[in-house]
Amino acid sequence: MIRNYIKMAFRNLWKDKTFTMLNIAGLAIGVGVCILLFAFINKELGFDKMYTHADQIYRVNMETTEEYDYEVWATMPNAVGPAIQQDLPQVERMARLIKNDFGATASLKVGDKNFTETNHYLADAALFDMFDFEFLQGTGESAFSKPNTIVLSQTAKQRLFGEQDAMDELITVNNRDTLQVAGIYADMPENSVMDYAMVSNIMDSWMGTDVSWSNASFETYVQLQEGADVANSEKNATALIDKNVDKEYQYFTEFIFQPLTDIHLYSTDVREGYSTKLGNGNTVKSLLFLSLLILFIACINYMNLATAKSRKRAKGIGMNKVLGANRSQMLTLFYVETAVLVFISMVLGYAGSFIALPYFESVTGNELAVSSLVATPLLLGLMVIWIVVTIIAGSYPAISMSGISPLVLVNKSKSAGAASEFIRKGLVVFQFAASIVLIISVTIILQQMDFMKNKNLGYDPNGIVAISIKSAQSDQQVQNLIQNLQGQTSVESLSAVQSIPGGVESGRAVRKLATDITGMPIASCRTYGNVVETLKLKILAGSELPETIAAGDSTIYTLINENILNYLGYKTPDDAIGKIINTELGNRAIITGVVDDFNFNSLKEDVGGYMYYKSTRAPEGIRTLLVRYNSQNLPQFMEQIEKSFTDNLPSTAFDYQFLDRHVAQLYASEEKTAKTITVFSIIAIFIACLGLFGLAAFTAEQRTKEIGMRKVLGATVAGITQLLSKDFLKLIIIAFVIAAPVAYWLMHEWLLDFAYRTEINIWVFAFAGIAALLIALLTVSFQAIKAAVANPIDSLKME
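The numbers in the sequence shown follow this note's numbering, run straight up by one, and end at 1688.
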């Protein structure tokens, strides 16, 4: 019996090729898009679930006090981990980790070759068991059994040593520590936030042995016993704060255990973490919603086109009923027909997803392996999609058309009623309301991206290359390099600093009175001077930091931004010049100059307090040389810079970054999201237009004789086009009225994530409305004009 249904389904689909092609195109594109987005979502949701004890591992985060705006940090003092392990019996393992030199790129020397590494970590040995390190050479137990050892990932080993055996070889890190290779492990999984390229023993450094409750620079992971009460563990861990830190020195108030499997998607509000493999749970939800919306729009196309041609199939349905077919049999026929069409669409969409995979990667910036398209969850999902789409798309046409009366054969019954027409129009309104929301959303997202790119940051990052000099073997090497570069015509200015803006500055507090316990959190950056000219900061009062300081001068000269000035309560910038500023640097710090606020962090955040300082006895080192250049031949200029660097720092790897690219990287995630949503929104609108195109074609076909009569009576092509188009345009206007407030609310909520944001202008809504009208008009007009120019004799001769 089912074979007959399938044969009849194929016959009906073949008989009406326009209907079939439009629906297959819409559903195939919708399914193809869903497959790619589902594969991406499956990858995002699968992060860090491969570890044996993944459900027992937590990162310990901490909530700060009001002084730090109650921020949640992923890093904490190095004393926290050992205290938790000692006092909480439910903790099976604990591992602290910190990136080389607080997050700076490591300079490596192997033999006579120099290398750089961004993912060198110091960690406790428990890390190897917690995260299932697969050792290819050596073992986790023996890796740190000797002092000054390091283990390498397979990729890092290949890069540093090639095919030669690396075991027991020596690596010099930052021209300071010589470490012996004690193990080689398989690369960490791609879908893991753990991105270790090499790991050395934290207990070989003061970072592991000199424990304190002050410097919050260490990530801490704990593995709890199976079935342990997480909430109780958090409570007991938090109790350690009062036990170990006096109230007046507590800048954090609570420890929060974040599940390992949540770190990738749910860390957007967590600051200071080291992993670069972070996603966004809201982005995943948005893409899931968008993929389902695209599929639903394709389903609506089928429902609309199927019911629109019910009049055409009415006599066939009536004849089947006269010959004995009951309603359940007709329902089965229509469901089978839908299932066959959806199956064909899914096969084409699935095949198309493999072809579109490289384009998906270029649009989203996310790599997807071919294996992700044949993953078991995805294939099971396809089966579910087939069943669900068949039910959603097939139910309304099946129920509607199976109820057609046999009396239609003698024109005693109408094949479609007002209810059917109302539902069809309602579905068109939904499609275009969704399309208008997408148009408005994409426009505002692109506006915000453009706003961030063009906003005046308060300093000029363009034309600056930042060179790492932290591994210089002496200050004299740095001075020689500076003198060498100053002699080059393409170099406008230089400034040796602790960090680029928004990099690895030191966290401090500024206090109004020396006796105050709390104050304003700021970022401080040591410099040799000349930052105003190099960064093109706007100085409001005072002067640049002094070029030289006498050997016996213990004064700390500071350059503060306006934010700090306002906190200290000075009425004008000039009032602050020469005044003492109270910080942890001591009581000899004075304000030399005041600069306008500048955005050293992302525009998602308000401008905070920032202070440059210069001193003969500074606790921080100089790590970066900022070079402002005016060269028209950048490759040649960089060759000259590298030669000067190598001549003066021969044992240090040449590592640099362009400051404008660093700023752009702050918004890389938003850029990818904007690009992704834009492309898939266009696809959604295109699928909606396919349905509208088919609906217009069937409308024109149903009114063929009416159009013929009107032409005979003198109607013009323009008049008939207007007649056929106006009903659709009315629906678009209704869709706009519904979509506008929805889009406004969605975008208003989205923009709240940015401290600096564009305005939602009325022209965006006008643009979206006009765009939707034009898209609908162009789609409908083709069929309307085609019907209007047809010979009326052809439409009337069968009457």
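For every residue, glycine included, the Cβ atom is placed at its ideal position computed from N, Cα and C. In this text, all values refer to a predicted model and were calculated from it rather than measured experimentally.
Let me check understanding here. Comparing Cα to Cα, which of the options lies closest to residue i?
{"i": "V1174", "options": "I1353, E1006, F927 and R1160", "result": "Note on identity: in this sequence residue 1174 is Lys, with Val being the wrong assignment. Checking every option, the nearest Cα to that of K1174 belongs to F927."}
{"i": "A1536", "options": "L1374, F1017, A1032 and G1241", "result": "As written in the sequence, residue 1536 is Asp, which differs from the Ala given in the question. For D1536, the nearest C-alpha among the options comes from L1374."}
{"i": "Q975", "options": "L1316, I1183, A1126 and E1250", "result": "A1126"}
{"i": "A1563", "options": "Q1336, E1058 and L1269", "result": "Q1336"}
{"i": "L1474", "options": "L1666, R1506 and D1463", "result": "R1506"}
{"i": "I1693", "options": "L997, D1544, V980 and N1190", "result": "The chain is shown only over 890 to 1688; residue 1693 falls outside these bounds and no answer can be derived."}
{"i": "D1549", "options": "T1067, F1232, I1449 and N1351", "result": "N1351"}
{"i": "N912", "options": "N989, N1063, A972 and F1185", "result": "F1185"}
{"i": "Y1518", "options": "N1476, Y1502, E1422 and A1440", "result": "E1422"}
{"i": "L986", "options": "V961, F1017 and N1476", "result": "F1017"}
{"i": "G1658", "options": "F1321, N1133 and Y1010", "result": "F1321"}
{"i": "W1095", "options": "K1342, M1598, L1011 and P1462", "result": "L1011"}
{"i": "I1674", "options": "G919, F1625 and A1604", "result": "A1604"}
{"i": "V1055", "options": "N1064, Y1074 and R1065", "result": "Correcting the residue type first, residue 1055 is Ala in the shown sequence and not Val. That would be Y1074, whose Cα lies nearest to the Cα of A1055."}
{"i": "Q1103", "options": "N1090, T1461, Q1114 and I1130", "result": "Looking at the sequence itself, residue 1103 is Ser, so the reference to Gln does not match. If we check each option's Cα against that of S1103, I1130 comes out closest."}
{"i": "F1227", "options": "G1241, M1192, Y1248 and L934", "result": "The question names Phe, yet the displayed sequence has Thr at residue 1227. Cα-wise, what sits closest to T1227 is M1192."}
{"i": "S885", "options": "V1516, A1644, A1478 and T1253", "result": "The question about residue 885 has no answer here: the residues shown for the chain are numbered 890 through 1688."}
Taking just the CA atoms, how far does residue j sit from residue i?
{"i": "T1165", "j": "N1008", "result": "10 Å"}
{"i": "L1492", "j": "T909", "result": "50 Å"}
{"i": "W1652", "j": "S1081", "result": "43 Å"}
{"i": "A1437", "j": "M1092", "result": "Just to set this straight, residue 1437 is Thr in the shown sequence, not Ala. Going by the C-alpha atoms only, they are around 39 Å apart."}
{"i": "V1631", "j": "I1649", "result": "13 Å"}
{"i": "I1627", "j": "S1395", "result": "51 Å"}
{"i": "S1324", "j": "I1609", "result": "27 Å"}
{"i": "Y1085", "j": "V1040", "result": "10 Å"}
{"i": "N1488", "j": "L1230", "result": "55 Å"}
{"i": "F1232", "j": "I1623", "result": "34 Å"}
{"i": "N1255", "j": "Y1501", "result": "38 Å"}
{"i": "W840", "j": "L1246", "result": "Because the chain spans 890 through 1688 in this model, residue 840 falls outside it and cannot be assessed."}
{"i": "T907", "j": "V1225", "result": "19 Å"}
{"i": "Y1155", "j": "K1619", "result": "43 Å"}
{"i": "L1584", "j": "L1194", "result": "6 Å"}
{"i": "F1656", "j": "W1639", "result": "20 Å"}
{"i": "I1334", "j": "I1328", "result": "10 Å"}
Quick one: using the 10 Å Cβ neighbour count with 16 as the cut-off for buried, is residue i buried or exposed?
{"i": "L1426", "result": "buried"}
{"i": "Q1053", "result": "exposed"}
{"i": "T1668", "result": "buried"}
{"i": "F1311", "result": "exposed"}
{"i": "W1634", "result": "exposed"}
{"i": "T1416", "result": "buried"}
{"i": "A1465", "result": "buried"}
{"i": "P1435", "result": "exposed"}
{"i": "A1607", "result": "exposed"}
{"i": "F892", "result": "Looking at the sequence provided, one finds Arg at residue 892 rather than Phe. The residue is exposed, with fewer than 16 neighbouring Cβ atoms inside 10 Å."}
{"i": "P978", "result": "exposed"}
{"i": "G1482", "result": "buried"}
{"i": "M1019", "result": "buried"}
{"i": "P1524", "result": "exposed"}
{"i": "L1539", "result": "Checking the sequence, you will find Pro at residue 1539 rather than Leu. It counts as exposed."}
{"i": "A1361", "result": "buried"}
{"i": "S855", "result": "Residue 855 is absent from the structure shown; the chain starts at 890 and stops at 1688."}
{"i": "D1463", "result": "exposed"}
{"i": "V1299", "result": "In this predicted model, V1299 has a pLDDT of only 48, less than 50, meaning its place in the structure is not dependable; the value taken from the coordinates is given anyway. By the neighbour-count rule (16 or more Cβ atoms within 10 Å), V1299 is not buried but exposed."}
Just to check my reading of the structure: residue i and residue j have Cβ atoms closer than 8 Å, yes? What is that Cβ distance to the nearest angstrom?
{"i": "V1105", "j": "M965", "result": "One point to set straight first is that residue 1105 is Ala, not Val, in the sequence displayed. With 8 Å as the limit, A1105 and M965 qualify as a contact, their Cβ atoms being about 5 Å apart."}
{"i": "Q1387", "j": "E1509", "result": "5 Å"}
{"i": "G1617", "j": "L1663", "result": "Rather than Gly, the amino acid found at residue 1617 in this sequence is Phe. That pair is no contact at about 12 Å."}
{"i": "C1188", "j": "V1278", "result": "6 Å"}
{"i": "I1411", "j": "A1398", "result": "7 Å"}
{"i": "N1037", "j": "P1266", "result": "Their Cβ separation, rounded to whole angstroms, is 45 Å, which puts N1037 and P1266 out of contact at 8 Å."}
{"i": "N967", "j": "V1100", "result": "5 Å"}
{"i": "G1347", "j": "D1486", "result": "6 Å"}
{"i": "L1149", "j": "D1013", "result": "That belief does not hold up - the Cβ atoms of L1149 and D1013 are roughly 16 Å apart, past 8 Å."}
{"i": "G1498", "j": "I1445", "result": "At roughly 16 Å, the Cβ-Cβ gap does not stay under 8 Å, so G1498 and I1445 are not in contact."}
{"i": "S996", "j": "D1364", "result": "Not confirmed; about 16 Å, so no contact."}
Inset, instruction - Any chance you could list the alpha helix (DSSP H) runs of at least 4 consecutive residues sitting entirely within the segment 991-1067, in chain order? - result: 1015-1019, 1029-1032 and 1043-1050
Inset, instruction - Please list the segments of the alpha helix (DSSP H) lying wholly inside the segment 1457-1509, counting only runs of 4 or more residues, in order along the chain. - result: 1462-1465
Inset, instruction - Quick one: which unbroken beta strand (DSSP E) runs of 3-plus residues sit fully inside the segment 1074-1115? Chain order, please. - result: As far as the segment 1074-1115 is concerned, its whole beta strand (DSSP E) runs of at least 3 residues are 1087-1090 and 1107-1113.
Inset, instruction - Only counting runs of 4 or more residues, tell me where the alpha helix (DSSP H) segments fall wholly within the segment 1526-1559, in order along the chain. - result: Given a length threshold of 4 residues, each whole run of the alpha helix (DSSP H) inside the segment 1526-1559 is given here in chain order: 1548-1554.
Inset, instruction - Give, in chain order, every unbroken run of the alpha helix (DSSP H) that is at least 4 residues long and sits entirely within the segment 1134-1180. - result: none
Inset, instruction - Taking only runs that begin and end inside the segment 1579-1666, name each unbroken alpha helix (DSSP H) of 4 or more residues, in chain order. - result: 1593-1601 and 1606-1640
Inset, instruction - List in chain order: all unbroken beta strand (DSSP E) runs of 3+ residues lying wholly within the segment 1383-1429. - result: 1395-1399 and 1409-1415
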